[in-house]
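Read through the structure below, which is laid out as structure tokens, and then see the notes.
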Amino acid sequence: MASFDAAVPQWMQFWDLDTSAIADFKVKACVIRNKAKFNQRSLIPATVPNFPFGYALGSQVWVLAQQSEYYTRHLLLHEGVHSLAYHLFNGAGPTWFQEGSAELLATHHGSGANIKINRIPQSREDAPYWGRFKRMSQATNNKEVPSINTVLGYQPNLTGDVATYSWSWAACMMLSSYPEYRPAFVTAAQRGKETGPIFNRELQATVGKQWPILAARWRVACHDLNYGFDWNNEQVKLSAKDPVWNGSNLTLQVRPDQGWQSCGVRIPRGAKISISAEGEITLADQPKPWTSQPPGITFRYHRGRPLGQLQFCLLPNANDPQATRIEPLEIHGIENQSIINVAEYSWLLFRINDECGKMNDNRGSYQVSIQRAR
Ligand SMILES: [Zn+2]
Numbered sequence: 001m002a003s004f005d006a007a008v009p010q011w012m013q014f015w016d017l018d019t020s021a022i023a024d025f026k027v028k029a030c031v032i033r034n035k036a037k038f039n040q041r042s043l044i045p046a047t048v049p050n051f052p053f054g055y056a057l058g059s060q061v062w063v064l065a066q067q068s069e070y071y072t073r074h075l076l077l078h079e080g081v082h083s084l085a086y087h088l089f090n091g092a093g094p095t096w097f098q099e100g101s102a103e104l105l106a107t108h109h110g111s112g113a114n115i116k117i118n119r120i121p122q123s124r125e126d127a128p129y130w131g132r133f134k135r136m137s138q139a140t141n142n143k144e145v146p147s148i149n150t151v152l153g154y155q156p157n158l159t160g161d162v163a164t165y166s167w168s169w170a171a172c173m174m175l176s177s178y179p180e181y182r183p184a185f186v187t188a189a190q191r192g193k194e195t196g197p198i199f200n201r202e203l204q205a206t207v208g209k210q211w212p213i214l215a216a217r218w219r220v221a222c223h224d225l226n227y228g229f230d231w232n233n234e235q236v237k238l239s240a241k242d243p244v245w246n247g248s249n250l251t252l253q254v255r256p257d258q259g260w261q262s263c264g265v266r267i268p269r270g271a272k273i274s275i276s277a278e279g280e281i282t283l284a285d286q287p288k289p290w291t292s293q294p295p296g297i298t299f300r301y302h303r304g305r306p307l308g309q310l311q312f313c314l315l316p317n318a319n320d321p322q323a324t325r326i327e328p329l330e331i332h333g334i335e336n337q338s339i340i341n342v343a344e345y346s347w348l349l350f351r352i353n354d355e356c357g358k359m360n361d362n363r364g365s366y367q368v369s370i371q372r373a374r
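Each residue of the sequence shown is one higher than the one before, counting from 1 in this note's numbering.
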């Protein structure tokens with residue numbers, strides 16, 4: 001309960017609202033350990049559907065106790081966010097916004113008075129049984145990652161489908177983390193009463209011509225989201241105004257403490273480019289710092305590739321708004337002289353292979369050269 005009380009003012013701050021708006025906000029919460037007994041004693045109104053995890057009806061919430069304290073607390077906060085949305089906005093918007101923002105404001109570090117909401121768990125051990133990333137990586141492995149438009153079109157369902165919750169959460173994280181989308185996202189909450197397509201149309205109208213950029217960033221984020229992911233250093237600098245590459249030599253410093261880094265131009269269809277790299281970085285680690293060069297440290301692996309390896313990918317400028325799933329990014333590791341043929345107008349992105357959440361103390365950079373291939 002102390003966690004809940006400490007979360008409420010943080011939720012208000014997230015929505016840019018003054019705490020005076022919640023002077024009369026009170027939630028009655030029940031954590032249920034034995035649902036059969038609970039039902040026998042008719043403690044849940046008959047109007048409440050059979051719920052798999054939790055349910056909020058106005059200012060009353062019920063949560064089924066889970067196998068970990070973290071997950072039970074997460075569900076309690078999740079339902080509390082719904083209650084707050086009903087209280088403040090008379091509704092919580094369409095499915096993706098309702099469930100995604102509840103997930104967003106329920107993920108946390110710590111507990112009790114020290115709880116910090118809107119924090120991605122640092123490790124699986126920090127969030128036992130919560131399972132969001134497990135479900136997302138299953139989708140990634142099966143090439144079933146939904147497009148951003150699919151997520152925005154999710155229909156209400158009461159089965160508590162973890163995939164629906166996870167991707168909705170990812171969409172809300174992205175929209176609230178990039179400073180250019182955040183105002184539109186926060187303002188959208190005020191339209192919580194609207195649960196139909198008008199809600200999305202207004203949001204899309206606000207983001208406007210930036211929508212293809214958002215869709216491209218979605219594709220990148222879905223590839224990398226995991227425990228310890230930090231939106232502060234995973235924002236990808238992309239612009240519709242990035243010039244088309246004129247074929248002249250480009251150089252780029254790629255840093256190991258940042259996510260995907262664009263070379264700043266759009267590579268035209270039909271271009272053939274050659275990429276080479278040099279330099280040394282330090283990936284701080286126990287018991288001693290590891291130094292790496294562009295091919296990476298071949299006796300330490302992350303996601304099946306050498307730690308510290310310079311990686312690159314082509315991110316197409318265009319995306320098909322009708323597609324229900326995203327095409328997985330094709331990630332390449334640098335070789336002595338990597339040659340690539342560019343099939344469609346694309347950004348060229350680089351990053352250094354390392355675990356999410358372990359990048360902050362990395363130092364140095366690789367110097368990357370991009371040339372027209374002969
Ligand atoms: Zn919910």
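All C-beta atoms, glycine included, are put in the ideal place defined by N, C-alpha and C.
In this text the structure is predicted, and so the values were computed from the model without any measurement.
Cβ-heavy atom distance, residue i to ligand 1, below 7 Å
i	result
residue 171	no
residue 82	yes
residue 78	yes
residue 102	yes
residue 344	no
residue 99	yes
Spatial distance of residue i from residue j (CA atoms)
i	j	result
residue 97	residue 303	31 Å
residue 372	residue 345	15 Å
residue 199	residue 182	16 Å
residue 238	residue 17	31 Å
residue 343	residue 225	27 Å
residue 306	residue 336	15 Å
residue 173	residue 233	14 Å
residue 169	residue 40	35 Å
residue 30	residue 61	6 Å
residue 10	residue 125	24 Å
residue 63	residue 249	59 Å
residue 216	residue 315	7 Å
residue 262	residue 350	6 Å
residue 360	residue 110	21 Å
residue 254	residue 3	40 Å
residue 326	residue 161	20 Å
residue 357	residue 141	22 Å
residue 286	residue 273	38 Å
residue 319	residue 352	25 Å
residue 92	residue 82	7 Å
residue 299	residue 365	20 Å
residue 138	residue 329	16 Å
residue 131	residue 196	29 Å
residue 334	residue 355	18 Å
residue 236	residue 266	14 Å
Min CB distance residue i to chain B below 8 Å
i	result
residue 53	Of the protein chains in the structure, only one exists, and it is not chain B.
Nearest-angstrom Cβ-Cβ length linking residue i and residue j, presumed shorter than 8 Å
i	j	result
residue 186	residue 15	6 Å
residue 281	residue 362	6 Å
residue 151	residue 171	5 Å
residue 312	residue 348	6 Å
residue 77	residue 105	7 Å
residue 228	residue 122	5 Å
residue 375	residue 6	Any property of residue 375 remains undetermined from this structure, which presents the chain solely from 1 to 374.
residue 245	residue 268	6 Å
Quiz item: Of all the beta strand (DSSP E) runs that stay within the bounds of the stretch 237 to 276, which reach a length of 3 or more residues?
Solution: 250 to 254, 261 to 267
Quiz item: Whole beta strand (DSSP E) runs in the stretch 50 to 75 with 3 or more residues, listed along the chain?
Solution: 54 to 57, 60 to 64
Quiz prompt | Segments assigned alpha helix (DSSP H), at least 4 residues, entirely inside the stretch 183 to 228 | solution = Whole alpha helix (DSSP H) segments, 4+ residues: 197 to 207, 211 to 224.
Exercise. Any chance you could list the alpha helix (DSSP H) runs of at least 4 consecutive residues sitting entirely within the stretch 78 to 143, in chain order?
Key: 95 to 104, 132 to 141
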